[in-house]
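Comments concern the structure below.
2 protein chains.
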Amino acid sequence: MRLSVEEAERLADELWYRNVEKTVIAVAQDYETKEVLMVAYMNREAFIRTLSTGLMHYWSLSRRRIWMKGETSGNIQEVVDAYIDCDGDAVLFLVKQRGNACHKGFRSCFHNRIKAGEEGQ
Amino acid sequence: MRLSVEEAERLADELWYRNVEKTVIAVAQDYETKEVLMVAYMNREAFIRTLSTGLMHYWSLSRRRIWMKGETSGNIQEVVDAYIDCDGDAVLFLVKQRGNACHKGFRSCFHNRIKAGEEGQ
Chain E
1 MRLSVEEAER
11 LADELWYRNV
21 EKTVIAVAQD
31 YETKEVLMVA
41 YMNREAFIRT
51 LSTGLMHYWS
61 LSRRRIWMKG
71 ETSGNIQEVV
81 DAYIDCDGDA
91 VLFLVKQRGN
101 ACHKGFRSCF
111 HNRIKAGEEG
121 Q
Chain P
122 MRLSVEEAER
132 LADELWYRNV
142 EKTVIAVAQD
152 YETKEVLMVA
162 YMNREAFIRT
172 LSTGLMHYWS
182 LSRRRIWMKG
192 ETSGNIQEVV
202 DAYIDCDGDA
212 VLFLVKQRGN
222 ACHKGFRSCF
232 HNRIKAGEEG
242 Q
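Note that the protein sequences, when read in sequence, are chains E and P. Each step along the first sequence adds one to the number in this note's numbering, with nothing skipped, and position 42 is 42. Position in the second sequence counted from 1, then plus 121, gives you this note's numbering.
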């Protein structure tokens, strides 16, 4: 999915950048398996670049710059579909993931499963 | 899924509360359909209550207090499974959703689909 820069800018104006460093939360979900792959941040510019190129761009809190997912690893995420949540501070992207989403070599960043021990149920 | 308070506290110590108001991002996903229902925030206490009761609790940025999802609407979320992401600042919960997740009457908060107009592709 790709929008014109003007369309992307109009949508960007409707978001609520209330997160750290003026960002919204971006959730990337595999468009086929529905697996949640990763959660990260987008500032206004990253959101516009994502929609106008069709490739996921995030704001890196640690590096303090926009990065295109896969720019070094090649594990890009193509946008298939996108949904803004009811208060505009989070966006869900259905993506076609090339390779793995997690830099640790896992398909998804959410690979640490919480297990209930003997004390739990 | 329910853990003892001690188990929940041990896990809570491993999270990275780097978000607004010392929170982690919590993603609630329907355990059956895999639909992403909502994204919100948990501070340490909300995370512990969630795992020790088996019911989703969040930190409300607007009300500045912990709330149990469904405490007024009845639309509770039972925790079925949970995964911590690779850097510990986000947690994915697979939940059994009673009623709708969105206070606007939609199943999911992500109901505003972005459509590419004539200018886009």
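Here a beta-carbon is modelled for each residue, glycine too, at the ideal position from N, C-alpha and C.
Rounded distance between the beta-carbons of ASP206 (chain P) and CYS109 (chain E), thought under 8 Å: Correct: roughly 4 Å between the Cβ atoms.
What separation, rounded to the nearest whole angstrom, lies between the Cα atoms of MET1 (chain E) and ALA237 (chain P)? Distance between the alpha carbons of MET1 (chain E) and ALA237 (chain P) is about 7 Å.
From what residue to what residue does the alpha helix (DSSP H) around SER181 (chain P) run? Here SER181 (chain P) belongs to no alpha helix (DSSP H); instead the beta strand (DSSP E) covers 178-181.
Looking at the C-beta of SER173 (chain P), does it have a partner C-beta in chain A at a distance below 8 Å? Annotation note: the requested chain A is absent from the structure, which comprises protein chains E and P.
If the cut is a Cβ gap below 8 Å, which residues of chain E does ILE169 (chain P) touch? By Cβ distance, chain E contributes nothing, its closest Cβ being about 12 Å from ILE169 (chain P), past 8 Å.
Please check if any C-beta of chain E sits within less than 8 Å of the C-beta of LEU136 (chain P). Any Cβ of chain E closer than 8 Å to the Cβ of LEU136 (chain P) would place that residue at the interface, and such an atom is absent.
Does LEU213 (chain P) get closer than 8 Å to chain E when you measure Cβ to Cβ? At least one CB of chain E lies nearer than 8 Å to the CB of LEU213 (chain P).
Let me know if GLU192 (chain P) comes out buried or exposed under the rule of 16 or more other beta-carbons within 10 Å of its beta-carbon. Classification for GLU192 (chain P): exposed.
Three-state secondary structure assigned by DSSP to ILE205 (chain P): Reduced to three states, the DSSP call for ILE205 (chain P) is strand.
Taking the Cβ atom as the reference point for each residue, do VAL141 (chain P) and VAL160 (chain P) lie within a distance shorter than 8 Å? Result no, Cβ atoms of VAL141 (chain P) and VAL160 (chain P) do not sit closer than 8 Å.
Compute the beta-carbon to beta-carbon distance between VAL91 (chain E) and MET42 (chain E), rounded to the nearest angstrom, for a pair I have assumed lies under 8 Å. Right, their Cβ atoms sit about 7 Å apart.
First and last residue of the uninterrupted alpha helix (DSSP H) at ILE169 (chain P): According to the DSSP assignment, ILE169 (chain P) belongs to the alpha helix (DSSP H) that extends over 165-174.
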